[in-house]
């Protein structure tokens, strides 16, 4: 799936402005109104393009977003709960590759995690110019914060992605230590 010419035309002047600021040796702290003048228009264009692509349901945007953000391979996520002296294990099991046994039956059956099929909400976080919130069905939600990774202005921005909620279909195990 390709991005539209309209998207390219919308973001091009923003990145040209960043390129010019880079040539001047400008620092981000000296860039006036970067949130309103760069981040918000870029995120607005990104949001509009994602929603445009999602209009064709055959593109499976919600499912592909989760696969892109989390990876397409099954995995376990271990989270240390230090105060409780426990470890939380989350099983992201999309492709039936977890919990395989060589000789015996597995001790626990891990259900498949459900991928989303619909976008419920995709808009700016309230009172924010640099963060979009993405809410999908099946219980998935993400925060996408755009930011710069350098103190110097450059035409390269990053997304900080946070998983805000997971579906009940993601198996969670808590074990003490």
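Numbering (the numbering used here), first residue to last: 87 to 263. Here a beta-carbon is modelled for each residue, glycine too, at the ideal position from N, C-alpha and C.
Closest Cα partner of residue i within the set the options
i	options	result
residue 156	97, 168, 229 and 129	229
residue 134	177, 220 and 238	220
residue 243	196, 217, 227 and 261	217
residue 88	170, 120, 140 and 124	140
residue 108	249, 245, 148 and 238	238
residue 93	180, 136 and 106	136
residue 255	248, 90, 249 and 226	226
residue 210	111, 112, 116 and 122	122
residue 152	183, 252 and 124	252
residue 90	138, 103 and 104	138
residue 199	191, 142 and 183	183
residue 208	195, 223 and 201	223
residue 145	202, 263 and 172	202
For residue i, the three-state DSSP class (helix, strand or coil)
i	result
residue 181	coil
residue 255	coil
Beta-carbon contacts of residue i that lie in its chain and below 7 angstroms, excluding the five residues immediately before and after
i	result
residue 174	165, 167, 258 and 260
residue 127	100
residue 97	128 and 131
residue 38	Outside the displayed range of the chain (87 to 263) lies residue 38, so it cannot be described from this structure.
residue 246	231 and 233
residue 117	107 and 239
Contact set for residue i: own chain, Cβ-Cβ below 6 angstroms, skip 5 residues either direction
i	result
residue 161	178
Residues sharing a beta bridge with residue i, DSSP
i	result
residue 261	173
residue 90	Its beta-bridge partners do not exist; DSSP assigns none.
residue 249	228
Cβ neighbours of residue i in the same chain (closer than 8 angstroms, five flanking residues each side left out)
i	result
residue 114	120, 234, 236, 237, 238 and 239
### Task
Ignoring anything shorter than 3 residues or poking outside the segment 93 to 177, list the beta strand (DSSP E) runs there in chain order.
161 to 167
### Task
Let me know the beta strand (DSSP E) ranges lying completely inside the segment 181 to 246, each 3 residues or longer, listed in chain order.
205 to 210, 217 to 222 and 227 to 234
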